[in-house]
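Residue numbers (this note's numbering): 140 to 401.
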């Protein structure tokens, strides 16, 4: 990764504490800006007699919030003077082997994410802990057409926005001090905790706990693949594809009344 640690910082606890504090602050700032940036959308929607919880409201807020995530990271890079905080390698036909390798890891990562999600869900149910439901799932059930917009936004907004914040920003900051394993663990923990608020309203505290555990484990896969590939596009595409398939399944269940036998 671009933001690799140096040996000279390993024995300095203050550097570890500073990195953790900065990473946590970046997440807080990201969500604060993401919520503030949506505020101007409310009167615009009201002018058309729509609420923020309407389909246009969810679409607009999802797009703006993820723009906010990215903006916070880029602002941090600019004002903290930490160029090279994360790595992005754009697809190029002039390097076909590298392109195929990255696409291969996207496929592998997607399969791992789906398998891990199913395994965690079964495990949590086995110990009596509900996996939890994201509040946006309830919105899709109320209006299945929302899922179609969210499929596109998974690739255009959610995947890139959340990965820039958590893998690019948070993991990048941690990797300047920590070795790969603790950096991935800590960034995944923040990734999981940050998603708790999206489930408490729909599933309560118990459901939110299960969702945090599930999201933490998915974050480990995304963070590990980013560390291995040195390319933020890989986890961004995996994240986007995973969310898109989830929304496609919801649309099939709610709008098309498709109920699989497995």
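All residues carry an ideal CB built from backbone N, CA and C; glycine is no exception.
Residue 310 counts as buried, since no fewer than 16 other beta carbons sit within 10 angstroms of its beta carbon. Between residue 219 and residue 313, the C-beta gap is not smaller than 7 angstroms, which leaves the two residues out of contact. With a cut-off of 8 angstroms on Cβ pairs, the region 194 to 211 is in contact with the region 291 to 304, counting three or more such pairs. The DSSP-derived three-state label of residue 228 is coil. Sequence-distant Cβ neighbours of residue 308 in its own chain, meaning closer than 6 angstroms and more than five residues away, are 165 and 212.
Going by C-alpha positions, residue 154 is about 21 angstroms away from residue 168.
With 16 or more other Cβ atoms inside 10 Å of its own Cβ, residue 326 counts as buried. When the Cα atoms are used, residue 174 and residue 198 turn out to be separated by approximately 14 angstroms. Boundaries of the alpha helix (DSSP H) harbouring residue 243: 235 to 265, taken from the DSSP string. Residue 152 and residue 334 have their C-alpha atoms spaced approximately 28 angstroms apart.
Apart from the 5 residues on each side of it in sequence, residue 304 sits with its Cβ closer than 8 angstroms to the Cβ of 165, 166, 169, 208, 209, 211 and 212 in its chain, given in chain order. Between the beta-carbon of residue 253 and that of residue 381 there is about 7 angstroms, and that keeps the pair under the 8 angstroms contact cut. For the 7 angstroms CB-CB criterion, residue 290 and residue 158 do not form a contact. When rounded, the separation of the alpha-carbon atoms in residue 241 and residue 328 is 25 angstroms.
Within a 10 Å sphere around the beta-carbon of residue 244 sit 16 or more other beta-carbons, which makes this residue buried.
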